[in-house]
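Engineer: Numbering of the sequence shown is given in this note's numbering, commencing with residue 10 and proceeding in unit increments.
Note that CB positions come from ideal geometry on N, CA and C, so glycine has one too.
Handing you this structure, nothing more for now.
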Amino acid sequence: MNRKLLFIFSMLFCFGFSNGATITSTGTGNWTATTSWIGGIVPTINDDVIIASGSTITLSTNVSIKSLTINGTLLASGDPIVSTSAGNILVVTINGVLDFNTNQSSIRFPAGTIVDINPPGRIDDTGGGCSNQVALYIGTVKFAVCVGSGNAEYTFEQLNNLGGTLQSKPASNAPVCEGSTLNFTAAKDGADGATLNWHWSIKLPGAASFVNYPDKQSVVSFTNAISGSYEANLTYTTTYGGSVYTSSKTIFATVNARPAVPTISASGATTFCNGGNVTLTSITGASYLWSTGATTKSIVVTTSGNYSVQVTNAAGCQSLSSSVTTVTVNSTLPTPNIVAITQPTCVIPTGSVELNGFAPATNGQINQSGSSTQAYSVSSSNYTIANLAPGTYTFTAQDGVNCTSLPTVSIVIKAPDINTWNGTGWSKGSAPISSDIIEFAENYQSTADLSGCSCRVKAGKEVTINSAHTLFIDNALTVESGTGAKLIFENNASLIQRNNVINTGNIIYKRIAPQIRQADFVYWSTPVNPQKLVDVSPLTLGDKYFRYSGTNWIITNKSTTMVVGEGYIIRGPQNYSNTTRADYIASFIGVPNNGNVTSTTLDSGKFYLLGNPYPSAIDADQFILDNPILTGTLYFWTHNTPVVFGTSYKYNADDYASYNLTGGVAAKTATAASGNNSEIPAGKIAAGQGFFTETSSSGTVTFTNMMRFGSNSQFFKPAKTSKTALEKNRLWLNMTNEGGAFKQILIGYIEGATNDYETRYDGQTIDGNPYLDFYSVNNGHKLVIQGRAVPFSDTDIVPLGYRSTIAGNFTISIDQVDGNLVNQAIYLEDKTANSIHDLRTGNYTFTTSTGTFDGRFVLRYNNKTLKNFAIEDIEQKILVSAKEKIIKVTSTKENITEVFIFDVTGKLIYNKKKIDSTELQISNLQSNQVLLVKTILDNGNVTTTKMVF
């Protein structure tokens, strides 16, 4: 028998198999008919044949195939023989019916054929009558007959019940995990035959050959199985009718590797104080099992102990335990004792806390939390913490060894005293001081300025800050929301706040635009929020509210809420006269603006209409200095000239007063009609005032509380003179005629300015008057305001020009002077008339034709006859350079007479006279500073150059 088995295995491994196809029947027909098979192909020796469900195929001739599956009916007619290729074991799977045509029919299969009967599949004789002549042969063995058992191994019924011929059905408990027990279990199906036997051949993972096991061993076990794939072959043998029959099957069993031993990561220190915790996290697995019994990836540990974890992978295999992570939880220090709390007073705005209960320690420390945080070193049992601003605080102790204590109870440091107006007097007996909280519990009318740290108006009370009075507070303003609560600021009154805090409740801020006509436009901004345009002037026509886009005027819906910091123009009420002027009172109702106000991003090189966002004036100089994207000149609309009526309203563009760091110029003389604004801007932008300015680069403009100022009376339309922190020596000149043409210019010698063109000190003329323009000239720029360097020298000269569309007589006169120019001689040189006129002795009147005359006049400060030179002589250059700590001054044409060098404060640090050369080299000056180099040439020309040395 063994020799026969060896022969069969040799045949299986030595013969190759040709590739065939799977041929499936269709309908009912004869095996040999092409119409019986899908595709019209009759099966051949290498084909797998399927008799389809519902299909009946009659087999009456001998055929050769690779395998046969009967899902429908195969009807054997006569005694057909089914063969297969050498080396192939034919497998006949019966899921349907193997039937016979007559009671004499039989079917023969080759030796070794496996017949697998799967109920309700069966072998049967349903058409020809059942007899022992209806038979199924395997090789030479009459294996089964329809009835009778004397001449065959089985009847059809017996074979159907047994499930066919002997079939090896090995099984295992795989998959299992590495280290566990792997079992292979012998099992079979089909008829046992006469001499049933079996044995195992198993190859372990990584092994080169199989291991044979003893016959009839039902279970083969591998304890502590290794990971990988086990290949196990179970071979059954028996005899049918004296012939050896063999069924062999190989299975593969997988032993999955257990996960690597996990590691644990900690979210922080594993030694910490009582009340703390640490999160321990395992490497990733499909599931987890901690030494605590937890089954999550991470656990939060609050107690001391040793912690480990096992992980399970997707195959269900569990790792060995991780290394232990030790967590240590330490005890805490005692909470500090509160000995005393000292509250702020009106004089001392901060409080203090005395603590004790500290154990002396080298690294003792108190930690402060709450309204502000701070750490203090402590080496004794008592400690006082000073300078605590109003707020709520807690304190803990630590010593560098033990854990930080629990915090103290919350300690409240209260704000300064409240000074309350009760209707007849102040609760503290006197007017509030700057550290008081001002509270109005009854109605109030101001009689002077008020100062406090904050202010509250109680519900139902009415408080009025009268004209020219200022309410100064460091912190927030609160107007309670109860019925009747009002805080009114009359025209020219101010609210100034130091800190960037949020206000609560509405104020009423009144602003008078003096002496306007119906067709006059007033430039407004809002000091409160929210404020609608229509509420500024309800009787103005709906299409007479405008904003400026940087390029064009845009009609703006009157219901628009005004953007804080932006300017708008609104025409006079419709019920106002266009001939008779009258004051207009606007009321702004909303929360007063406070703190930083920043514009949207502005484009470079455009004019923008901005506006003071605060209920107080702002310092124009500070606004210019704090916003470097601006050219530096501000323009204020005065609406002095009556509108010209026709198909459209025509306004005079020369009605802009101008201001920069040098100073301001007026838009109209005092001889104009009553109600005209002849004031020179004094450097303060009033509350509610809109104004134009130009950008020199893109960016944003910011208003801050540092700009706010108490003088609030110069509103354009409407000045206290500002305190001048910088040296300013200025001269205002007017050019007029008897017909009312007017233009004013300003020349100033200002600390920080140079004789070059600088946007913050030099303002270009708008040239909007159709009749007259008057300006000074510097480096090709026509300037309504020109700033020049200090110190002032009487050798300085300033070219003046003008444009006129009117031929006739004009007059140039001094409007005013200040600083060192108060007693300085001032001359006007007329190059056309070849004369020098002393403007201190009287005005200068001259005759002109129409045109532009940039070279006719020169402003001088002495009457010496000077050489003629062009306003801009490109050949007459002063070059100042520095190399290797040597300053070199070079004149390209005239000899140099004298050189002065000043630092940025105006201090003279070098002077050289009688140079009489076109070049001068200067050494031994301190480097790394900004210098002003003033050069005087033989022809009297003066040039000041700013340099970094």
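Considering just the uninterrupted stretch of the alpha helix (DSSP H) at Q698, what are its terminal residues?
Structural biologist: No alpha helix (DSSP H) holds Q698; DSSP gives it neither H nor E.
Engineer: Am I right that E575 and L639 are in contact with their C-beta atoms under 8 Å? What's the rounded C-beta distance?
Structural biologist: That belief does not hold up - the Cβ atoms of E575 and L639 are roughly 15 Å apart, past 8 Å.
Engineer: My output table needs one value for M571: the three-state DSSP class, helix, strand or coil.
Structural biologist: Looking at M571 - three-state DSSP - the assignment turns out to be coil, as it is neither helix nor strand.
Engineer: Please say whether N484 and G599 have beta carbons closer to each other than 7 Å?
Structural biologist: Not closer than 7 Å, so no.
Engineer: Tell me whether R849 sits in a helix, a strand or coil according to DSSP, three-state version.
Structural biologist: Three-state result, R849: coil.
Engineer: Grab me the residues of F404's own chain with a C-beta within less than 8 Å of its C-beta, minus the 5 sequence neighbours each way, in chain order.
Structural biologist: Within the same chain, F404 has close Cβ partners P345, V362, L364, I375, N376, Q377, S378, I394, P416, T417 and I420.
Engineer: Take Q454 and list the residues in its own chain whose beta-carbon comes closer than 6 Å to its own, dropping the five residues that flank it on each side.
Structural biologist: Cβ within range, chain order: T473.
Engineer: Could you please give the first and the last residue of the uninterrupted beta strand (DSSP E) stretch that includes I211?
Structural biologist: Here the beta strand (DSSP E) through I211 covers N206 to K212.
Engineer: Quick one: residues in its chain with C-beta nearer than 7 Å to the C-beta of H790, no 5 flanking neighbours on either side, listed in chain order?
Structural biologist: Taken in chain order, the residues that qualify are Y766, D771 and Q773.
Engineer: Going by DSSP in three states, F878 sits in which element: helix, strand or coil?
Structural biologist: In this predicted model, F878 has a pLDDT of only 34, less than 50, meaning its place in the structure is not dependable; the value taken from the coordinates is given anyway. In this structure, F878 counts as coil in the three-state DSSP scheme.
Engineer: Measure the C-alpha to C-alpha separation of V942 and N621 and round it to an integer number of angstroms.
Structural biologist: Going by the C-alpha atoms only, they are around 38 Å apart.
Engineer: What does the Cβ neighbour count give for S674, buried or exposed, with the cut at 16 atoms within 10 Å?
Structural biologist: A small fix is needed here, since residue 674 is Val in this sequence, not Ser. Buried: at least 16 other Cβ atoms inside 10 Å.
Engineer: In the DSSP output, which residue or residues are listed as bridge partners for M956?
Structural biologist: According to DSSP, which records beta bridges pairwise, M956 is partnered with L940.
Engineer: Quick one: Cα of F751 to Cα of F866, how far?
Structural biologist: In a straight line, the C-alpha of F751 is about 17 Å away from that of F866.
Engineer: For T713, tell me which candidate among I505, F449 and S230 has the shortest Cα-Cα distance.
Structural biologist: Taking only the C-alpha atoms, the option nearest T713 is I505.
Engineer: Could you tell me whether the Cβ atoms of F862 and Y811 are closer together than 7 Å?
Structural biologist: Yes, they are a contact pair.
Engineer: How big is the Cα-Cα spacing for A691 and Y668?
Structural biologist: Answer to the nearest angstrom: the Cα atoms are 8 Å apart.
Engineer: Please determine, among L742, G614, A626 and S568, the residue with the shortest C-alpha to C-alpha distance to A502.
Structural biologist: The candidate whose alpha carbon is nearest that of A502 is A626.
Engineer: What does DSSP give as the partner residue(s) for I759 in the beta ladder?
Structural biologist: DSSP lists K737 as partners of I759.
Engineer: Check for me: the alpha helix (DSSP H) holding I633 runs from which residue to which?
Structural biologist: Start and end: A629 to D635.
Engineer: DSSP three-state call for D947: helix, strand or coil?
Structural biologist: Coil, per DSSP.
Engineer: What residues in its chain sit with their C-beta under 7 Å from that of I905, if we drop five residues either side in the sequence?
Structural biologist: Correct list, in chain order: V898, I924, S926, T927, L929, T944 and L946.
Engineer: Check this for me: beta carbons of V228 and N192, under 7 Å apart or not?
Structural biologist: Contact flag set, yes.
Engineer: Considering only DSSP beta bridges, list what C412 is partnered with.
Structural biologist: The partner list for C412 (beta bridge, DSSP) reads T341.
Engineer: How is the beta strand (DSSP E) around V320 delimited, first residue to last?
Structural biologist: Element bounds for V320: V318 to T321.
Engineer: Can you pull the DSSP bridge partners for L809?
Structural biologist: Beta-bridge pairing links L809 to S785 and F866.
Engineer: Just to confirm my understanding: we take W46, look at its own chain, exclude 5 residues before and 5 after, and list those with CB closer than 8 Å. What are they?
Structural biologist: Only I32, T33, S34, T35 and P52 meet the Cβ criterion.
Engineer: Distance check for T560 and V957, CA to CA, integer angstroms please.
Structural biologist: Approximately 37 Å between the Cα atoms of the pair.
Engineer: Using the beta-carbon count (16 or more within 10 Å), is S114 buried or exposed?
Structural biologist: By the 10 Å Cβ count, S114 comes out buried.
Engineer: Looking at the unbroken alpha helix (DSSP H) that takes in V545, where does it start and where does it end?
Structural biologist: Unbroken alpha helix (DSSP H) run through V545: L542 to V545.
Engineer: If contacts are defined as beta-carbon pairs under 8 Å, then A798 and T953 qualify, I think. What distance do you get, rounded to the angstrom?
Structural biologist: Confirmed, about 4 Å.
Engineer: For F165, name the three-state secondary structure that DSSP assigns.
Structural biologist: If DSSP states are grouped into helix, strand and coil, F165 belongs with the helices.
Engineer: For I260 and G237, what's the separation of their Cα atoms in angstroms?
Structural biologist: One C-alpha to the other measures close to 14 Å.
Engineer: Can you confirm whether N372, when its beta carbon is compared against all beta carbons of chain D, has any partner nearer than 7 Å?
Structural biologist: Structure shown: chain D not included; a single protein chain is present.
Engineer: Just the C-alpha distance for A398 and A384, rounded to the nearest angstrom, thanks.
Structural biologist: Near 15 Å, if we compare the C-alpha coordinates of A384 and A398.
Engineer: When the Cα of A522 is compared with those of E451, G63, N743 and G699, which residue comes out closest?
Structural biologist: Residue G699 is the option with its Cα nearest to A522.
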